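Numbering (our numbering), first residue to last: 2 to 273.
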């Protein structure tokens, strides 16, 4: 739930047993991970909804187990971004119904649609994207592009007109990835009302170690941000707040507990 000046900060996912002894206490039960997480961070990017279509009961369970202390960004199911077919509208209805409890509790800060690098700027994809956003009218929609073809003013203008925001992703400036182009606009303006930042890490050598469309490679996200790198984001986040945009910041570098470690460090830096 938003209050004046709130920065929503957390990690992409939380259910990582390997975080025991690094972020979670060594002897904590896995069923208590979320409750502990809620004592440290105020926001969570719920990403297992990408792999498995959620249900209203499951979303309600997340909120109950965190005692309604954690605001949510819920990642759209892959049937809406990666494996789209003629039944996508019915899948969209299922997804909207599932996340409705979070919206009713005023804990839904964003619905993240992460498209694969193979999602190119084509007439067919542009039409689909427009229809998809219309289907989620009234929801806080955030689009993440993984191909730099989409990084153009006409796309940004169209998204803002439709009430959608664009996620900035910190990742290596490789091949077709939009990072190198988009980073220039990050420091001058965000696209949309939500200043959404995802920190994937800058692990160039491992980025294409596995199938880039699925994002299944843990090596890709095995990255520990330095203090100097984290400091780059402090003025960006503070500027977003001054512009009356909602800052949502999530660390996706989950291997070795780097995500929560870096998120806690950034939280401290933002207090200065």
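Beta carbons: idealized from backbone N, C-alpha and C, even for Gly. Model, not experiment: these values are computed from the prediction.
TODO: Closer than 8 Å by C-beta to residue 108: which residues in its own chain qualify, once you throw out the five before and the five after it? Chain order, please.
DONE: 2, 64, 69, 71, 72, 73
TODO: Reducing DSSP to helix, strand and coil, say where residue 82 ends up.
DONE: coil
TODO: Sort 248, 145, 155 by Cα distance to residue 194 and report the nearest one.
DONE: 248
Open item on the list: Considering just the uninterrupted stretch of the alpha helix (DSSP H) at residue 199, what are its terminal residues?
Closed with: Counting along the chain, residue 199 falls outside any alpha helix (DSSP H), though it belongs to the beta strand (DSSP E) covering 195-200.
TODO: Within the same chain, show all residues whose beta-carbon is closer than 6 Å to that of residue 55, passing over the 5 residues directly before and after it, in chain order.
DONE: 99
Open item on the list: Would the region 254-262 count as touching the region 104-119 if we require 3 or more Cβ pairs under 8 Å?
Closed with: no
TODO: Could you check what DSSP says for residue 249 in three-state terms: helix, strand or coil?
DONE: strand
Open item on the list: Can you give me the C-alpha to C-alpha distance between residue 106 and residue 206, rounded to a whole angstrom?
Closed with: 42 Å
Open item on the list: With distance defined between alpha-carbon atoms, name the residue in 36, 61, 137, 87 nearest to residue 77.
Closed with: 137
Open item on the list: Closest to residue 18 by C-alpha separation, out of 29, 9, 11, 125, would be which residue?
Closed with: 29
Task: Option in 32, 236, 129, 238 with minimal Cα separation from residue 89 - done: 129
Open item on the list: Please tell me whether residue 170 has its Cβ less than 9 Å away from any Cβ of chain B.
Closed with: Note that chain B does not occur in the displayed structure, where there is just one protein chain.
- [ ] State yes or no: is the C-beta of residue 8 within less than 9 Å of the C-beta of residue 265?
- [x] no
Task: Beta-carbon proximity check, residue 200 vs residue 232, cutoff 9 Å - done: no
Open item on the list: Is it buried or exposed, residue 158, if we count other Cβ atoms within 10 angstroms and call 16 or more buried?
Closed with: exposed
TODO: Figure out for me which residue from 161, 140, 202 has the closest Cα to the Cα of residue 227.
DONE: 202
Open item on the list: Output needed for residue 20: all residues of its chain with C-beta closer than 6 Å, excluding positions within five of it in sequence on either side, in chain order.
Closed with: 258
- [ ] Within 10 angstroms of the Cβ of residue 39, are there 16 or more other Cβ atoms? Answer buried if so, exposed if not.
- [x] buried
Open item on the list: Within a Cβ cutoff of 6 Å, which residues of the same chain sit near residue 173, ignoring the five residues on either side of it in sequence?
Closed with: 203, 205, 208
Open item on the list: For residue 16, tell me which candidate among 103, 6, 48 has the shortest Cα-Cα distance.
Closed with: 48
TODO: List the residues that DSSP assigns as beta-bridge partners of residue 144.
DONE: 114, 167
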